[in-house]
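See structure below.
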Amino acid sequence: MIKKLWMTAVLLATLLLAAPSLSAQVGSSSVVSTKKVDAKKVVKPKKIFAPVDKRWENTIRLLYEFPISAGIHYDGMYRVHKAVGIGIGAGYNYVFMDFNHHNSYQRVPVYAKFRFYLIGEKRVNPFFGIAQGIDMGFYKILNNGDFTAFNSNSRDIVSECMFVGSHTRLEFGLNIRVTATKSIFFSIEGGASACPSTHYNNNRWKGDHEYYPALGLNLGFTF
């Protein structure tokens, strides 16, 4: 009997001595596992502003070309992909002065357009575009050989002329998305435009044309 009591006392003493060690191990393992869970929570998903669905987009674009030309254009584009848009456009430009002349005339460009967005789903998207089409120009020849805008009513007009030439543009810009479907953009563009030739003929509604370099700034609104 005494022997059994002695063995029981020894067992209880052993358990009491081992308890703090076991508690420390359990505590440390729980801390480690908590740290692992916290580390996983730190990893954040990639931010996107909003998905870009396949859709038709309308753009009104205000244009200024150097040295003195102002215009307004409409571009209709279908987003076939978050990074790609294909469409058509048309506009009106009043040319007060171009690189080759000191006379005014009017241009009506009609063109096809391609645009590639570098980061389609972000709030800010750099992009580049290409436009190719025709320029229709309207002007009137004065009796001194100069020309003026087609809406002029000067008594010195001797011939009314029109020309049709090529319209080419390469555009680089920055698109800023305001909502999922609306945005504002700024861009610069360069290329070549048709303009009245300094050597004209006197046939009514026929005008020779030549080309001059075009450099412009755009402010656009897409909706």
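All you need for our numbering is the position in the sequence shown, starting with 1, plus 1422. Ideal placement from N, C-alpha and C gives every residue a C-beta, glycine not left out.
Legend entry - Beta-carbon spacing of ASP1475, LYS1535 below 9 Å: Numbered from 1 along the sequence shown, position 53 holds the residue referred to as residue 1475. Numbered from 1 along the sequence shown, position 113 holds the residue referred to as residue 1535. No, the pair does not count as a contact, with Cβ atoms beyond the cut-off.
Inset, instruction - Quick one: residues in its chain with C-beta nearer than 8 Å to the C-beta of ASN1515, no 5 flanking neighbours on either side, listed in chain order? - result: Along the sequence shown, one-based indexing puts residue 1515 at 93. LEU1485, GLU1487, SER1491, ALA1492, GLY1493, GLN1528, ARG1529, VAL1530, PRO1531, listed in sequence order.
Inset, instruction - With DSSP collapsed to three states, give me the class of VAL1454. - result: Mapped onto the sequence shown, residue 1454 falls at position 32. For VAL1454, the predicted model reports a pLDDT of 47, less than 50, meaning its position is unreliable; a value from the coordinates is still stated below. In this structure, VAL1454 counts as helix in the three-state DSSP scheme.
Legend entry - Uninterrupted beta strand (DSSP E) stretches inside the region 1503 to 1557 (no shorter than 3 residues): Entirely contained in the region 1503 to 1557, the beta strand (DSSP E) runs reaching 3 residues are, in chain order, 1506 to 1519, 1527 to 1539.
Legend entry - Sufficient close CB pairs (3 or more, under 8 Å) joining the region 1556 to 1563 to the region 1602 to 1611: Contact check between the region 1556 to 1563 and the region 1602 to 1611: fewer than three CB pairs, one atom from each, fall below 8 Å, which does not count as touching.
Legend entry - Cβ contact check for the region 1596 to 1604 and the region 1612 to 1620: 3 or more pairs under 8 Å: Counting Cβ pairs under 8 Å, fewer than three are found: no touch.
Inset, instruction - With distances taken Cα to Cα, identify the nearest neighbour of PRO1473 among THR1590, ASN1522, ILE1541, TYR1633. - result: The residue labelled residue 1473 in the question sits at position 51 within the sequence shown. Nearest C-alpha to PRO1473 among THR1590, ASN1522, ILE1541, TYR1633: ILE1541.
Legend entry - Start and end residues, beta strand (DSSP E) containing PRO1618: Residue mapping note: residue 1618 aligns to position 196 of the sequence shown, counting from 1. Here the beta strand (DSSP E) through PRO1618 covers 1605 to 1618.
Legend entry - Close Cβ partners of PHE1518 (< 7 Å) along its chain, the five nearest in sequence each way excluded: Reading the sequence shown from its first residue, position 96 is the one you call residue 1518. Excluding positions up to five away in sequence, the list reads ILE1490, SER1491, SER1526.
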